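Worksheet: the structure to be examined is printed underneath.
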Amino acid sequence: MVDDLTGLRVEGPRPERRRWKKGQRKRRGIEPTTWGVRSGMGGGEAATRAEEEEKMGLLFGLLWLITSFLQGVHGQGVYASPTVRIVQLGQACNVEEEQYSERIYTIREGGTLELQCLVTGHPRPQIRWTKTAGGTSDLQVNSSLHSETLRIENIHRHQGGRYYCKAENGLGSPAIRSIRVDVYYMDDPVITVHQSDDEVKEQFYFERTVFLRCAADSNPLVHYTWLRGREVLSEGSDSGVEIYKPFFTQGETKILKLKNLRMRDYAVYTCIASVRNACDMRDKHSVFSLSNNTAPPFIRLLPEEPVVVNPGQSVTLMCKVSNGDPPPALRWLKQEGEELPKRSIIDEGRLTIPRITADDGGTYTCTASNNVGNPAKKSMSILVRGLCKGRFWITPDPYHNEDNIQIGREVKISCQVEATPPEELQFSWLKNGRPLRSSERMIITHTDTSVSPGTTNLDIIDLKFTDFGTYTCVASLRNGGIPEISIDVNISTTTVPPELTIPKGQSQLIVQEGDTIDLQCLVSGKPKPIILWSRVEESGAAAAAAAALMPDGSAQMESYDGILRISNVTREMSGTYRCQTSQYNGFNVKPREALIQLVVQFPPTIEPAYTEVRQAL
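So the sequence shown is residues 1 to 617, counted in UniProt numbering.
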C-alpha cells in the first residue's frame with residue numbers, strides 16, 4: 001500500500017480513517033488515532049506511537065527539503081564543487097607525465113599552443129588561465145583568458161613555463177590544475193675566434209694559439225661537432241687540436257683549441273649544432289675560414305671631436321674601418337639602447353641625420369664585428385644647441401609678509417637657465433629695457449659655465465626708491481643661431497602675493513562622457529602668475545604627487561587665465577586636478593595650489609558570462 005502523504009509503501013491493511021467535527025460527541029470506546037494505529041488501543045500506547053510517527057514525519061520532511069535544495073532546475077543536476085583537467089588540442093612534440101601527475105607539453109617555437117580546460121561542477125564554474133611568475137598580461141594569448149581553450153599562435157621561447165587553469169563556482173575550494181609548456185628552439189651557431197695573448201695583433205702568426213668557440217642558444221642543450229675541411233675533429237684525433245668543455249657553461253663540447261698554429265690549421269672550420277632531431281629540428285651549421293690574414297677590426301670616427309650644431313642642420317658621422325679580416329659588419333646605435341632617428345640615413349659606415357632636433361642629440365656608437373676578437377666600438381656626442389626656460393626667484397621672497405622688500409635692504413634676483421652646450425651660455429641684465437652693468441650697488445655675478453644649469457645673480461645693495469622697476473634677465477648662446485630667452489621680474493613695494501580660489505560650487509564637477517568641461521581656478525596677484533595644471537592620484541584622504549597624465553598627454557599644462565578646458569571627456573579623465581602658481585615670474589618660491597575633483601559619468605555595460613535559473617525552495 002502507498003501512503004498518499006509521503007509516497008512510501010506500507011505493508012498491512014489500510015488503517016481506519018476517522019474524521020472529527022466540532023460539536024460532535026466522541027463515540028464510546030473510540031479515540032482519535034494517528035496513521036497506522038487502530039481504534040480501540042489504549043491511551044498510553046497510542047500516545048507513544050503518535051510521538052514516533054511525528055518524528056518520522058519530521059525526518060521525511062527534512063530529507064525532502066535537502067533533496068529539493070540539491071536538485072537543479074529542469075534536471076540540471078546536483079550542486080557540486082568544480083573539478084579540472086587540462087588536455088592538449090594541438091600537435092605536440094612530446095607529452096610526458098611528471099611527479100604529482102603534472103604533464104609536460106613540448107612544442108616547437110613558432111607553433112600554435114592550444115590547451116583545453118575540461119571542468120565539471122554545478123553551477124557552471126568560471127575559468128581563468130594564469131602563468132607562473134607573471135600575471136595574465138604575461139600570456140599574450142589569442143583567445144579570452146576566461147575561455148575553456150587557451151590558444152597562443154606563433155609561440156615564443158619566453159612564453160614557456162607552467163600554465164594554470166583555475167575553476168570556481170562558489171562551492172568548496174577552487175579547483176586548480178597545471179601543465180608545463182616546454183618550448184624547443186635552436187638559433188644558428190656563431191663561431192668566434194680569439195688569440196691566446198692579451199695584446200691584439202694584426203695577424204695570426206705561426207706558433208700562435210687560437211681558440212674557436214661555437215655557441216648556439218637552444219632548448220634542449222646542443223651537441224656540437226667540429227670539422228676542419230671535411231675532417232671530423234675529435235679529442236685525440238690530432239695532437240695539435242684540443243676540444244674541451246668549459247666549466248662556466250652548460251652543454252657539451254664547443255671550444256676548439258689550435259695549439260701552435262701549423263699550415264694545415266689554416267683551413268675552413270665548420271661547427272655543426274644538433275639537438276638530435278628533437279621536435280624535428282634539423283641540424284644547423286656555421287663556417288669560418290681561418291687564414292694568416294685573420295685579424296680583429298679597427299675603426300676611426302670622423303669628426304673626432306664632439307659635434308655641436310643648431311636645430312635644423314644636417315649632421316654626418318663617418319665610421320672608417322682600417323683593419324679586419326674577414327671584413328667586419330658595421331652597426332650604428334644610440335645611447336642606452338635608444339632607436340636611431342627615423343630620418344637617419346645609413347650608407348655603409350656613413351650616418352647622416354637631416355633636419356636634426358634637440359631630441360636627436362646624444363651619444364652615437366659605431367660597432368664593427370667580424371667574430372674575431374672583441375667588437376671594435378667608437379662613440380661620438382652630438383650636441384644640439386638649445387635653451388630651456390629656467391627658474392627665477394627673489395631673496396627675500398616678496399610674498400612672505402614677515403620678509404618683504406623694503407627700502408634700505410639688500411635684494412637679490414637669481415636667474416637659472418639650462419643650455420646646450422653649457423659653456424656657450426651667457427647672461428645679460430636690463431632695467432626697464434636698458435642694459436644694466438655691474439656697479440658698487442648693483443653687483444652681477446655668474447656661476448661656472450661648465451656647471452649646468454647656469455645661474456646669474458643680481459645683488460642690489462641698499463635698495464632705493466629709484467631702484468624700483470622691471471629687471472630682465474636675458475640668456476643666449478655665444479655662437480648664436482638660437483633665439484634668446486628673457487623674463488621680467490618686477491621690484492616694487494606694490495607687489496601683491498598671489499591667491500588661488502575655486503569658484504563656489506565648482507570644487508567637484510560632474511560631466512557626461514563625450515561632453516566638454518571647463519575647470520577654473522581664480523588667480524590674483526601682482527604680478528599675476530601663470531597657472532600650472534596637473535593631475536594627482538588619491539592615497540587615502542591625502543593627494544599624492546602628480547602621476548597621471550593630462551588629457552593632451554603631457555605632465556603639466558599652462559594656463560594664463562586659470563581655465564583648463566577638456567573636450568570630448570573620457571572616463572579615464574576622472575580624478576583630482578591640481579592648479580598651482582608657477583615660478584615663471586620669479587616670485588613663487590612657495591607655490592599656492594587648489595584641487596578640483598572631476599567625476600565622469602558613463603552608461604553601464606553588461607557582459608554576462610552565463611545565465612542560470614535556480615529553482616525556488
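Ideal Cβ positions, reconstructed from N, Cα and C, are used throughout, including at glycine.
Keep in mind it's a predicted model, so treat the numbers as computed, not measured.
query	result
Own chain partners of T192 with C-beta closer than 6 Å, once the 5 adjacent residues on each side are dropped	R213 and N371
Own chain partners of Q195 with C-beta closer than 6 Å, once the 5 adjacent residues on each side are dropped	none
Whole-angstrom distance between P529 and V599, CA atom to CA atom	28 Å
Residues bridged to N490 [DSSP beta-bridge criterion]	T470
Cβ neighbour criterion (16 or more within 10 Å) applied to Y205	With a pLDDT of 47 at Y205, under the threshold of 50, the predicted position of this residue should be treated as unreliable, though the coordinate-derived value follows. By the 10 Å Cβ count, Y205 comes out exposed.
Opposing strand residues paired with D325 [DSSP bridges]	A295
Buried versus exposed, by CB contacts within 10 Å (16 or more), V95	exposed
Rounded straight-line distance, which links the Cα of D283 to that of N277	7 Å
The segment 508-525 contacting the segment 341-355, beta-carbon criterion three pairs below 8 Å	no
Alpha-carbon spacing of Y163 relative to W533, whole angstroms	45 Å
Counterpart residues of H285 in DSSP-defined beta bridges	I272
Cβ separation of I299 and C271, assumed to be a contact under 8 Å, to the nearest whole Å	Contact doesn't hold; Cβ gap of about 27 Å is too wide.
Distance CB(I382)-CB(S314) smaller than 8 Å	no
Beta-carbon proximity check, residue 625 vs D488, cutoff 8 Å	Look at the range of the chain in this structure, 1 to 617, and you will see that residue 625 is not part of it.
Own chain partners of S289 with C-beta closer than 6 Å, once the 5 adjacent residues on each side are dropped	V268
Buried or exposed (CB count within 10 angstroms, at least 16 for buried), P421	buried
Beta-carbon spacing of P189, P125 below 8 Å	no
Cβ neighbours of K22 in the same chain (closer than 6 Å, five flanking residues each side left out)	Any answer about K22 is weak, because its pLDDT of 47 lies below 50 and its placement is not dependable; what the coordinates show is given next. Around K22: no qualifying Cβ.
Pair within 8 Å by beta-carbon distance, S476 and Q426	yes
Any beta strand (DSSP E) of 3 or more consecutive residues that is wholly inside the segment 370-433	376-384, 386-395, 411-420 and 425-431
CB contact flag (V536, T576, <8 Å)	yes
N- and C-terminal bounds of the beta strand (DSSP E) containing Q556	Note, Q556: premise wrong, no beta strand (DSSP E); not H, not E.
Inter-residue spacing [alpha-carbon to alpha-carbon] between G361 and I243	48 Å
Rounded straight-line distance, which links the Cα of P354 to that of N432	41 Å
Nonlocal neighbours in the same chain, by C-beta distance under 6 Å from T455, ignoring five residues either side	Q416 and T447
Cα-Cα separation, Y560 to L317	44 Å
Beta-carbon gap between R441 and I461 smaller than 8 Å	yes
Of the listed residues S452, N479 and P327, nearest to E424 (C-alpha basis)	N479
Extent of the continuous beta strand (DSSP E) to which L290 belongs	Note, L290: premise wrong, no beta strand (DSSP E); not H, not E.
Close-in-space but distant-in-sequence residues of the same chain around N169 (CB under 8 Å, 5 per side omitted)	S81, P82, G121, H122, P123, R124, P125 and Q126
7 Å Cβ shell around G481 - same chain, five flanking residues per side excluded	N310 and R385
Other residues of its chain near L436: CB distance less than 7 Å, five sequence neighbours each side excluded	W429, L430 and M442
Beta-carbon separation (whole angstroms), L387 vs A419, contact threshold 8 Å	5 Å
Member of T352, T294 and P297 whose CA lies at the smallest distance from the CA of P303	T352
8 Å Cβ cutoff met for Y266 and R180	no
Cutoff 6 Å; reference M281; Cβ partners in own chain excluding five residues on either side	M186 and V275
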